[in-house]
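I have placed the structure first, in the form of structure tokens, so that the comments after it can refer back to it.
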Amino acid sequence: MSDNKEAKKAPKPDITFFHPDLLIVPENGDPPYLQGYRCKSCGNLDFPKPTLCWNCWGEEFEIVPLSRTGVLYSVTDIFIGQAGMKTPYVFGYIDLPENLRVFAQMEGEPGSFKCDDKVELTIGPIRTNRDGLPITSYKFRKIAV
Amino acid sequence: MKLMRDVYIAGVGETKFGKHSVDYDVLGRAAALEAMRNSNINRPDVVQSAYVGNGMNGIVTGQTVFKDLGMCGRLPIINVESACSAGGMAVYSAIKDVATGVTDISLGVGCENHSLHMQSGTAFAPSMSDIETMHAAVMTGKYAMRANRYMHETGTTIEDLAAITVKNRRHATNNPNAWFKGAITIEEVVNSRMVAYPLTLQQCCGIADGAGAVVVCTKEMAAKLGVQKPVKVAGAVVQSGPYHNRPRDITGDDITETCAEQLYEESGIGPEDVNIVELHDAFTIAELLYYECLGLCKKGDGLKYLRDGDSTYGGKCVVSPRGGMLSYGHPIGASGAAQIAACVKQLRGECQGFQVDPIPRVAMTHVTGGGLSGTEHAACTMHMLVSAW
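Chains A and B supply the protein sequences, listed in that same order.
Under the numbering used here, the first residue of the first sequence carries the number 1, and numbering increases by one thereafter.
Under the numbering used here, the first residue of the second sequence carries the number 1, and numbering increases by one thereafter.
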């Protein structure tokens, strides 16, 4: 009985991966990619996954792998960040060829990015979770010239 | 909104802005009492509804503000939250009650205490349920990205951005309610601590505490109260931010542009007729962009507008005559109401030491609110105010 109670009290472990519906990391070592959601009734493509298609309220989606490369529309180096975040860190808006804009952290040194840089998807830690473990998510880095 | 009957501001109140050791309710109460006394209201049974804007301080904030003024039990008190737009939205809601005939006199309050509730050395972030927040977004950074893109496209420099702080602090020099004020050099602004490149500490609004309050009523009620200088509400607009995950031009601001267009149309007053503006200068870049978004100048001419002195005393339209958020700091639930209070004082010629000359006849206020992925801002609230005597 008391064991059961203790099991109930123990908090569920926090997530270490963000987010299986959005980011696919193939087990065979192929490069990771983001999943877009194309509305089956109107064709509207969105990322992240919407509650329903905000264009036509369609509820069925075709999952589409999104381009792994894009253009860094804008970027900033953060020196005073969210509570608990180690600084500095870098984030930006990445425009994908599918006419989608993604907000993401950048992998690379502060001061090394500028608007219109060509960037590619990678994965890495974006923050630590409640248990002190890193959470993995999509990030972008410069494409080596 | 379409104003179904004329609405006037009878009186306003505001506290000093800065760090306060008393909580939001004490600040809100002080501003509300000042606004009521400024409207010649000397008893608890006059105001017929009250709206209280607050961002972060908890629940039943409005009832807590009014609890021992003898007003609770006599009127509905409704609490309003939309991050930085909350105070403006509270006043909007009070105006709506009077415009629709629900009441003849109502009160809008904005109040906030951050310093008692927020961890120092951290930056504001939207809710953790937001996908951008999960990826460590902070509001300073979102504005910094606007700045970097604007600089990339126009060749604007950090020194140019710093000139906004220099201007607004100069405006605030003799304003008793402003927090940071007086002379500061471009170099001091640029060389202050980096927060989110290119925004340095002195380009960011302070995390402050304060409150503002506005009493609105019918023309008949203003006359009955003996209000000498009623200010007419020529327009009031609230908008929610359009949502999409497509590329958008962040050197503009879709929600501000839509909101301003609606305000100009509904009030019949164009940007060329506006004498003073208090806008959402939470960061230097914001004021620069909003010159363009509000139509004070053409798209791309923001920097020229600043350099030509068009946005300061003696210019075409004095922007941030009270010193703006860059001088007041920005208690998020309070600012929208405090902007309106400050504009009413300018229209009434009560700003000794920082009075715009000639005394302005038309004032406009603008506050956006909230970071939300897929939008530029979650909310925007604007008001157009005109002397009516």
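Positions of the beta carbon are idealized from the N, C-alpha and C atoms, including for glycine.
* When you compare each of D357(B), G324(B), L347(B) and C351(B) to Q339(B) by their alpha carbons, which one comes out closest? -> Locating residue 339(B) in the second sequence gives position 339, where the first residue counts as 1. When each option's Cα is compared against that of Q339(B), the closest is G324(B).
* Short CB-CB distance (under 7 angstroms) between R68(A) and chain B -> Walking along the first sequence from the start, residue 68(A) turns up at place 68. R68(A) does not count as touching chain B.
* Pull out every residue of the region 73-85 of chain A whose Cβ sits closer than 7 angstroms to any Cβ of chain B, in chain order. => Y73, S74, V75, T76, D77, I78, F79, I80, G81, Q82, A83 and M85
* Go ahead and label L28(A) buried or exposed: buried means 16 or more other beta carbons lie within 10 angstroms of its beta carbon, across all protein chains shown. => Translated into positions along the first sequence, residue 28(A) becomes position 28. According to the sequence displayed, residue 28(A) carries Asn and not Leu. Exposed.
* To do: Measuring alpha carbon to alpha carbon, tell me which of E266(B), V356(B), D249(B) and W389(B) ends up nearest R101(A).
  => The residue given as residue 101(A) occupies position 101 in the first sequence. Among E266(B), V356(B), D249(B) and W389(B), the Cα nearest to that of R101(A) belongs to D249(B).
* Given F283(B) as reference, the closest of L161(B), G314(B), A208(B) and A341(B) once Cα atoms are compared -> In the second sequence, the residue the question calls residue 283(B) occupies position 283. Closest by alpha carbon: L161(B).
* 7 angstroms Cβ cutoff met for E107(A) and K139(A) -> Reading the first sequence from its first residue, position 107 is the one you call residue 107(A). Reading the first sequence from its first residue, position 139 is the one you call residue 139(A). For E107(A) and K139(A), yes; Cβs fall inside 7 angstroms.
* To do: Using the Cα positions of V46(B) and L3(B), report the straight-line distance between them to the nearest angstrom.
  => As a first step, residue 46(B) must be located in the second sequence, where it is residue number 46. As a first step, residue 3(B) must be located in the second sequence, where it is residue number 3. Cα to Cα, the separation comes out at about 22 angstroms.
* Distance CB(L390(B))-CB(P358(B)) smaller than 7 angstroms -> One cannot answer for residue 390(B) here, as it falls past the ends of chain B, which runs 1 to 389.
* To do: Would you check if the distance between the CB atom of L288(B) and the CB atom of G309(B) is smaller than 7 angstroms?
  => Working through the second sequence from its first residue, we reach residue 288(B) at position 288. Working through the second sequence from its first residue, we reach residue 309(B) at position 309. No, the Cβ-Cβ distance between L288(B) and G309(B) is not below 7 angstroms.
* Please work out which residues of its chain come closer than 8 angstroms, Cβ to Cβ, to F91(A), disregarding the five sequence neighbours upstream and downstream, and give them in chain order. => Within the first sequence, residue 91(A) is the residue found at index 91, counting from 1. Cβ neighbours of F91(A) beyond the five flanking positions: V75, T76, I78, F103, A104, Q105 and M106.
* Asked: Can you tell me whether M1(A) is buried or exposed, with buried defined as 16 or more other CB within 10 angstroms of its CB?
  -> Along the first sequence, read from residue 1 onward, the residue named residue 1(A) stands at position 1. Caution applies to M1(A), whose pLDDT of 48 falls short of 50 and renders its modelled position unreliable; the model cannot decide the point.
* **Extent of the continuous alpha helix (DSSP H) run through T69(A)** => For the purposes of this step, residue 69(A) is taken as residue 69 along the first sequence, with counting starting at 1. Segment T69 to I78 is the beta strand (DSSP E) holding T69(A); no alpha helix (DSSP H) there.
* **Interface residues of chain B facing Y33(A) [CB-CB closer than 8 angstroms]** => As a first step, residue 33(A) is located in the first sequence; it is residue number 33 there, counting from the start. Within chain B, no residue comes near Y33(A); the closest Cβ sits about 17 angstroms away, beyond 8 angstroms.
* Ordered along the chain, which non-local residues of its own chain (more than five positions away) have a Cβ less than 7 angstroms from that of R68(A)? -> Position 68 of the first sequence, counted from the first residue, corresponds to residue 68(A). Cβ neighbours of R68(A) beyond the five flanking positions: P31, Y33, E120 and L121.
* Asked: Does any CB atom of chain B fall closer than 7 angstroms to the CB of P48(A)?
  -> Mapped onto the first sequence, residue 48(A) falls at position 48. Yes, because at least one Cβ of chain B sits closer than 7 angstroms to the Cβ of P48(A).
* Note down the Cα distance separating A10(A) from F17(A), rounded to an integer number of angstroms. => Start at 1 with the first residue of the first sequence, and residue 10(A) comes out as number 10. Start at 1 with the first residue of the first sequence, and residue 17(A) comes out as number 17. Straight-line Cα distance between these residues: approximately 21 angstroms.
* Report the residue from P271(B), A83(B) and R146(B) whose alpha carbon sits nearest the alpha carbon of S311(B). => As a working note, residue 311(B) is residue 311 in the second sequence. Looking at the Cα atoms, P271(B) is the closest of the given residues.
* Using DSSP with H/G/I as helix, E/B as strand and the rest coil, what is Y305(B)? -> The residue labelled residue 305(B) in the question sits at position 305 within the second sequence. Residue state, collapsed to three classes: helix.
* Does the ligand MG have a heavy atom nearer than 6 angstroms to the CB of V356(B)? -> Summarising the ligand content, the structure contains no ligands, and the ligand MG is consequently not present.
* In angstroms with no decimal places, state the Cα-to-Cα distance between S267(B) and K232(B). => Taking the first residue of the second sequence as position 1, residue 267(B) is located at position 267. Taking the first residue of the second sequence as position 1, residue 232(B) is located at position 232. Cα to Cα, the separation comes out at about 11 angstroms.
* Residues in the region 114-125 of chain B with C-beta within 8 angstroms of chain A's C-beta atoms, listed in sequence order? -> Q119, G121, T122, A123 and A125
* When the Cα atoms are used, what is the spatial distance from H171(B) to M364(B)? -> As a working note, residue 171(B) is residue 171 in the second sequence. As a working note, residue 364(B) is residue 364 in the second sequence. Rounded to the nearest angstrom, the two C-alpha atoms are 17 angstroms apart.
* Output the distance between the C-alpha atoms of A388(B) and P176(B), rounded to the nearest integer angstrom. => Counted from its first residue, the second sequence places residue 388(B) at position 388. Counted from its first residue, the second sequence places residue 176(B) at position 176. Computed Cα separation, rounded: 26 angstroms.
* Could you check what DSSP says for T381(B) in three-state terms: helix, strand or coil? => To locate residue 381(B), count along the second sequence from 1; it is residue 381. Of the three classes helix, strand and coil, the one that applies to T381(B) here is strand, per DSSP.
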